[in-house]
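Per this note's numbering, residue 273 is the first one in the sequence shown, and the count goes up by one each step. Structure first, commentary second.
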Amino acid sequence: MLIGGWLIAALSFTGCQDSDFQPDYVTLNLPDYFPAMVIPDDNPLTRQGIALGRKIYYDQRMHSTQQMSCSSCHEQASSFTTAEANCMAHINLAWHSAFLWNGKIEGTLEDVAMFELVDFFGTDINVFLNDTTYHRMFKEAFNIKSDEITFKYASYALAQFLRTMNSYNSKYDQWKRGEYQFSPSEWNGFVLFNSERGECFHCHANHLFVDNEFHDIGLDMSPSPGRFTMTGNQNDFGKFKTPTLRNIELTAPYMHDGRFQTLEEVMNFYSSGVQNSDNVTTLLPAHNGGLNLTAQEKADIIAFMKTLTDNTYITNPDLSAP
Ligand code: HEC
Ligand code: HEC
Numbered sequence: 273m274l275i276g277g278w279l280i281a282a283l284s285f286t287g288c289q290d291s292d293f294q295p296d297y298v299t300l301n302l303p304d305y306f307p308a309m310v311i312p313d314d315n316p317l318t319r320q321g322i323a324l325g326r327k328i329y330y331d332q333r334m335h336s337t338q339q340m341s342c343s344s345c346h347e348q349a350s351s352f353t354t355a356e357a358n359c360m361a362h363i364n365l366a367w368h369s370a371f372l373w374n375g376k377i378e379g380t381l382e383d384v385a386m387f388e389l390v391d392f393f394g395t396d397i398n399v400f401l402n403d404t405t406y407h408r409m410f411k412e413a414f415n416i417k418s419d420e421i422t423f424k425y426a427s428y429a430l431a432q433f434l435r436t437m438n439s440y441n442s443k444y445d446q447w448k449r450g451e452y453q454f455s456p457s458e459w460n461g462f463v464l465f466n467s468e469r470g471e472c473f474h475c476h477a478n479h480l481f482v483d484n485e486f487h488d489i490g491l492d493m494s495p496s497p498g499r500f501t502m503t504g505n506q507n508d509f510g511k512f513k514t515p516t517l518r519n520i521e522l523t524a525p526y527m528h529d530g531r532f533q534t535l536e537e538v539m540n541f542y543s544s545g546v547q548n549s550d551n552v553t554t555l556l557p558a559h560n561g562g563l564n565l566t567a568q569e570k571a572d573i574i575a576f577m578k579t580l581t582d583n584t585y586i587t588n589p590d591l592s593a594p
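This is the structure:
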């Protein structure tokens, strides 16, 4: 059965203690050129778990003020980010192994979901404990009684929903599937992106456009500490997490501090603004101020980056407010 891009496999359970507990196990229908998604054994995707995570994501009672939800800053129309300077998009996060610009949370989506609810939001557990709709949904998702609801289960549900937030219908994906032909400018940008002329592919790697690494790309001669804050290692000073470029057209402003408003500004930086800071990456020619691209090369790389826009993602009804 195919529902909104998910395969729902109704597995019959033998040996299950509670015959009422029959969640619908979900298999995601992902492109074969994506790496396999690793899903923790103790948190398989189910229709009920995803629905619960989606409700939590959009519930304004989650924040300690009871007036802010995840979606207040992570807005679907902007690929689940917001114009706030340093916000990060929610897109294909299931393949990431560290979260936040400085990688404060290492591990799984369950781990970062727990951090967001408990530490960032200060969620009051009574919101779940006093709500009969949540009682029913936690029961359906995890087969627990209402007084057994904990942040662990709430985080597991959020992680399940985050694992369904995947984009793979951009022009780039259509091109991969043989359904779209790049324009000459997009093609030239693609070639530059993946060559030693552009160098982008080293870090915005493979089809997810991330490498799960931290780099100092030379934004400042004296950068902010970034990854150093977490590791205390001087070699990490000025390094930040590589963000994906999927839907990059929709997620301005750019960089960890939102210093660039447009992709043109980003390209001018990579072309002639790279600073020769202590830990600057050897993948960019910082001693020359950057890649020294022509106006046409910059425009072509931008044209290519815009092929990563996926309008079906920002309008996908499965990801919108329930
Ligand atoms: C007030 C705005 C705001 C709200 C509300 C908010 N976030 Fe965020 N989120 C941010 C910002 C800003 C960052 C980047 C912070 C940093 O690294 O310094 C971020 C980063 C993240 C990341 C890391 C993404 C990555 O690529 O590493 C995850 C995951 C996340 N948020 C999940 C959530 C969840 C779940 C909720 C709801 C419980 C939530 N956020 C609510 C602003 C917000
Ligand atoms: C050495 C690794 C590396 C290389 C090479 C590299 N990038 Fe990046 N890119 C990063 C990192 C890390 C960031 C975030 C830096 C920060 O905010 O401090 C980033 C940020 C960006 C952003 C802003 C993303 C956002 O969400 O704010 C864009 C756009 C971008 N890079 C495009 C490119 C292009 C195009 C190229 C090739 C011309 C390129 N990058 C080369 C690692 C790299």
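Just so it is clear, CB atoms sit at the ideal spot from N, CA and C, and this is done for glycine as well. Since the structure is predicted, the reported quantities are computational estimates derived from the model, not experimental observations.
Rounding to the nearest angstrom, what Cα-Cα distance links His335 and Glu382 in this structure? 18 Å
Is the region 313–325 touching the region 409–417, taking contact as three or more C-beta pairs under 8 Å? yes
Which residue spans inside the region 534–592 form an unbroken beta strand (DSSP E) run of at least 3? none
Is Ile377 helix, strand or coil when you go by DSSP? strand
According to DSSP, Lys513 sits in a beta bridge with which residue or residues? Phe486
Give me whichever residues DSSP pairs with Ala370 in a beta bridge. Glu378
Would Ala357 pass as a contact of Ser457 if the rule is Cβ separation under 8 Å? no
Top-ranked residue by Cα proximity to Val538, from Ala524, Ala308, Ser549, Thr554: Ala524
Which residue comes first and which comes last in the alpha helix (DSSP H) that contains Phe400? 398–401
Please report the straight-line C-alpha distance between Gln446 and Trp459, rounded to a whole angstrom. 14 Å
Leu517: CB within 7 Å of a non-hydrogen atom of ligand 1: no
Same chain, Cβ closer than 8 Å to Ile573, five either side skipped, listed in chain order: Gly461, Leu464, Phe465, Gly470, Cys472, Met539, Leu565
Under 8 Å by Cβ, that's how I've got Met502 and Lys424 pegged, so tell me the actual separation to the nearest angstrom. Met502 to Lys424, Cβ: 24 Å. No contact.
Quick one: what does DSSP say Glu420 is sitting in, helix, strand or coil? helix
Could you compute how far the alpha carbon of Arg518 sits from the alpha carbon of Ala429? 24 Å
Inter-residue Cα distance where the pair is His528 and Pro303: 29 Å
Using a Cβ-based criterion (distance less than 7 Å to any ligand heavy atom), does Gly470 qualify as near ligand 2? yes
At the level of alpha carbons, what is the spacing between Ser479 and Leu580? A small fix is needed here, since residue 479 is His in this sequence, not Ser. Taking the straight line from one Cα to the other gives about 10 Å.
Would you call Gly287 buried or exposed, if buried means 16 or more other Cβ atoms sit within 10 Å of its Cβ? Note on Gly287: pLDDT 44, under 50, position unreliable in the model; the coordinate value appears next. It is exposed - the Cβ of Gly287 has fewer than 16 other Cβ atoms within 10 Å.
Could you check what DSSP says for Glu412 in three-state terms: helix, strand or coil? helix
Asp550 beta carbon less than 8 Å from that of Phe500: no
For Asp331 and Ser341, believed in contact at Cβ under 8 Å, the rounded distance: 5 Å
May I ask whether a heavy atom of ligand 2 can be found less than 7 Å away from the beta carbon of Tyr526? yes
Given that a residue counts as buried once 16 or more other Cβ atoms are within 10 Å of its Cβ, and exposed if not, what is Thr318? buried
What does DSSP give as the partner residue(s) for Phe532 in the beta ladder? Tyr526
Looking only at C-alpha atoms, which of Gln432, Ser439, Met360, Thr337 sits nearest to Asn588? Ser439
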